[in-house]
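Residues 80 to 357 in our numbering are what the sequence shown lists, from first letter to last.
The structure under discussion appears below in the form of structure tokens.
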Amino acid sequence: MNIDVAGEVNVLWEEAQLILATYGFDVLGAILILLLGWIIAGWASSATRSAVERIAWMDGTVKPLIASIVRYLVIVITVVAVLNRFGVQTTSIIAVLGAAGLAVGLALQGTLSNVAAGVMILFLRPFKVGDYVTAGGNGGTVAEVGLFTTELTTPDNVYISVPNSQIIGGAISNFSRHSTRRIDIVVGIGYSSNIDTAFAALMKLAEEDGRVLADPEPQVSVRELADSSVNVGLRFWVNSVDYWPTLFDFNKAVKETLDANGVEIPFPQRVVEIKNPQ
């Protein structure tokens, strides 16, 4: 059987020319609209973030979310414009978006739960940007609350991205929520040491440090009569920003103060009594 190859090629070329003539400009226009929309979405997000950064009364936690919403809104409008380029009617677009939204919602339940959790975080406000928190099994300073994740920075400058659903589904500890925090230092002294001397030395140490708040006043107490020591506790309050420096300084100062006052900090001991020496 003879096949006219040249004729077949000519037919295919004519069909290709017809398709290009009919839809070429539409495809090219759609590509240009997509590129332009993507660029505008990035620009609009940056412009929105810059604008809301100048609003003093707006919480820093909400600002990144507003910028993200603007970006995704521009992208949705771009997709609608592309579909309209191919003659899809508005009602059809809405129907398609509704069906696509349902399908995507079923396929991305976990992702959408992160979005819902992000909204709950902004509504309940368990923390804000700049707070130090432990949430979702991670700890760090809140850098940004996004639509899907919350960004944390650890004290050693490690970036952590935690899904919002993981945060809202567990316990959240906010160490920056209140302006003051309490420090408890427990130290063991020997049973032969004078408790009143230890009390006076520790109280003087707290009263002479300017970071220790006078209200509530510092307290010294016997916490426990342990096996090898009498455990004495020093309790006082400081401003939250002074918590870690004060704690580190007092751990050193308590040891030096007790040594200077002749108060023994004993090692663990055991008393063995032999009932039958033979």
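Using N, Cα and C, we set each Cβ at its ideal position, and we do this for glycine too.
Nearest by alpha-carbon distance to residue i: which of the options is it?
i      : options                        : result
Ile268 : Gly219, Thr157, Leu313, Tyr322 : Leu313
Asp306 : Glu287, Val350, Gly177, Leu292 : Val350
Arg150 : Asp263, Ala293, Ala126         : Ala126
Gly116 : Ile154, Ser147, Leu107         : Ile154
Thr228 : Leu203, Leu144, Asp294         : Leu144
Val265 : Thr259, Gly177, Val299         : Val299
Ile110 : Pro295, Ala285, Val161         : Val161
Asn273 : Gln245, Glu287, Val311         : Val311
Ser319 : Gly121, Gln245, Arg261, Leu226 : Arg261
Glu51  : Ile353, Gly121, Trp122, Tyr270 : There is no way to answer for residue 51, as the model of the chain reaches only from 80 to 357.
Cutting at 8 Å between CB atoms, please list the residues of its own chain near residue i, excluding the five before and the five after it.
i      : result
Gly209 : Gly139, Thr220, Val221, Ser255
Glu132 : Lys142
Thr259 : Leu292, Trp316, Val317, Asn318, Ser319
Have a look at the DSSP bridge pairing and note the partners of residue i.
i      : result
Glu303 : Asn310
Trp323 : Paired residues: none, contrary to the question.
Asn318 : Thr259
Ser240 : Glu230
Tyr270 : In DSSP, Tyr270 forms no bridge with anything.
Ile251 : Ala214
Val291 : Val317
Thr220 : Tyr211, Thr232
Ile264 : Leu313
Just how far apart, CA to CA, sit residue i and residue j?
i      : j      : result
Ile200 : Ile247 : 7 Å
Leu337 : Asn355 : 40 Å
Ala277 : Ala250 : 39 Å
Leu231 : Asn217 : 8 Å
Glu335 : Met282 : 14 Å
Ile112 : Ser147 : 20 Å
Val317 : Leu292 : 6 Å
Asn163 : Thr157 : 10 Å
Val224 : Pro345 : 49 Å
Arg302 : Ser308 : 11 Å
Ala332 : His257 : 26 Å
Tyr238 : Gly108 : 41 Å
Ala280 : Pro347 : 23 Å
Tyr322 : Arg128 : 33 Å
Asn330 : Pro324 : 10 Å
Ala195 : Ser244 : 8 Å
Buried or exposed for residue i, going by 16 or more other Cβ atoms inside 10 Å?
i      : result
Thr233 : exposed
Phe428 : Nothing about residue 428 can be reported from this structure: the residues present for the chain run from 80 to 357 only.
Leu203 : exposed
Pro297 : buried
Ile118 : exposed
Gly197 : buried
Gly289 : exposed
Leu114 : exposed
Asn81  : Here the model assigns Asn81 a pLDDT of 47, short of 50, so the residue's position is not dependable, and the following value carries that caveat. Classification for Asn81: exposed.
Leu284 : buried
Ser240 : exposed
Kindly list the residues whose CB is nearer than 6 Å to the CB of residue i, restricted to its own chain and excluding five residues on each side of it in sequence; keep chain order.
i      : result
Phe206 : Val212, Val221, Asn253
Pro242 : Asn193, Thr228
Pro295 : Trp316
Leu304 : none
Could you check whether the Cβ of residue i sits closer than 7 Å to any heavy atom belonging to the ligand SAM?
i      : result
Gly219 : Ligands displayed in this structure: none; no statement on the ligand SAM is therefore possible.
Quick one: does residue i have its CB under 8 Å from some CB of chain C?
i      : result
Leu231 : The structure shown contains no chain C; it is built from a single protein chain.
Which same chain residues end up closer than 7 Å to residue i when comparing Cβ atoms and leaving out the 5 residues on each side of it in sequence?
i      : result
Gly341 : none
Asp263 : Gly312, Arg314
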